[in-house]
């Protein structure tokens, strides 16, 4: 079966940066998604189109086709007092921000201020994928309805450009 809209694709991948450092992988498992709804990076989804089980490919996405360029506008200075006193904060620590649940990282710690970075961790990176398609099947009605519901209830507040977000924030992260 060929990968087309409303097929569920099971695949494994290794994602490396431009220096060959592994950023992410399926390790001993696999990943899957419903094709045709923009829930993965647009360039990756386009590459899957028309492939069949057993297909293998490599794909390089420049930052603008991946998670976008890192933006200075996504770096904020916040009051240290906003963090619980009993929590030891450290550079590199990640946490969810306020009601949005957006993931941010601590970039710098000053005496009474904390600099946080809300850019996607892979923003500004060239992404090199090694992918193998493990399976392709017709998506169930329940899977399609779940995707449509997710899309209807998502909003892209990640700061990425509309070009990299797609219709469902796929540029904001693997699972928006």
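Residue numbers (my numbering): 58 to 233. Here a beta-carbon is modelled for each residue, glycine too, at the ideal position from N, C-alpha and C. Quick caveat: nothing in here was measured; it's all calculated off a predicted structure.
With residue i and residue j assumed to form a contact (beta carbons below 8 Å), what rounded beta-carbon distance in angstroms separates them?
i           : j           : result
residue 135 : residue 171 : 5 Å
residue 196 : residue 71  : Contact doesn't hold; Cβ gap of about 25 Å is too wide.
residue 65  : residue 89  : 6 Å
residue 106 : residue 87  : Contact flag wrong, Cβ pair sits at about 19 Å.
residue 100 : residue 122 : 5 Å
residue 137 : residue 174 : Going by Cβ atoms, the distance from residue 137 to residue 174 rounds to 16 Å, so no, they are not a contact pair.
Is the beta carbon of residue i sitting closer than 9 Å to the one on residue j?
i           : j           : result
residue 163 : residue 142 : no
residue 190 : residue 111 : yes
residue 59  : residue 109 : yes
residue 139 : residue 151 : no
residue 251 : residue 63  : Since the displayed the chain opens at 58 and closes at 233, residue 251 lies outside it and no answer follows.
residue 124 : residue 210 : no
For a test of the three-state rule: what should DSSP assign to residue i, helix, strand or coil?
i           : result
residue 138 : helix
residue 65  : strand
residue 100 : helix
residue 232 : Because residue 232 sits at a pLDDT of 35, beneath the cut-off of 50, its placement in the model cannot be relied upon, and the point is left open.
residue 166 : strand
residue 172 : strand
residue 219 : Note that residue 219 has pLDDT 36, beneath the 50 cutoff, so the model's placement of it is unreliable and the number below is only indicative. Helix at residue 219.
residue 224 : With a pLDDT of 35 at residue 224, under the threshold of 50, the modelled position of that residue is not reliable, and the figure given next carries that caveat. Helix, per DSSP.
In the DSSP assignment, what are the bridge partners of residue i?
i           : result
residue 209 : Residue 209 is not bridged to any residue.
residue 82  : 71
residue 92  : Paired residue(s): none; residue 92 is not in a bridge.
residue 146 : Answer is none; residue 146 lacks a bridge partner.
residue 185 : 73 and 117
residue 160 : 153
residue 109 : 59
residue 201 : Paired residue(s): none; residue 201 is not in a bridge.
residue 192 : 67
Review point. Is the stretch 63 to 83 close to the stretch 126 to 133, with three or more CB pairs under 8 Å?
Key: The answer is no - the stretch 126 to 133 does not touch the stretch 63 to 83, with fewer than three Cβ pairs under 8 Å.
Review point. Touch check for the stretch 110 to 119 and the stretch 179 to 187: three-plus C-beta pairs under 8 Å?
Key: yes
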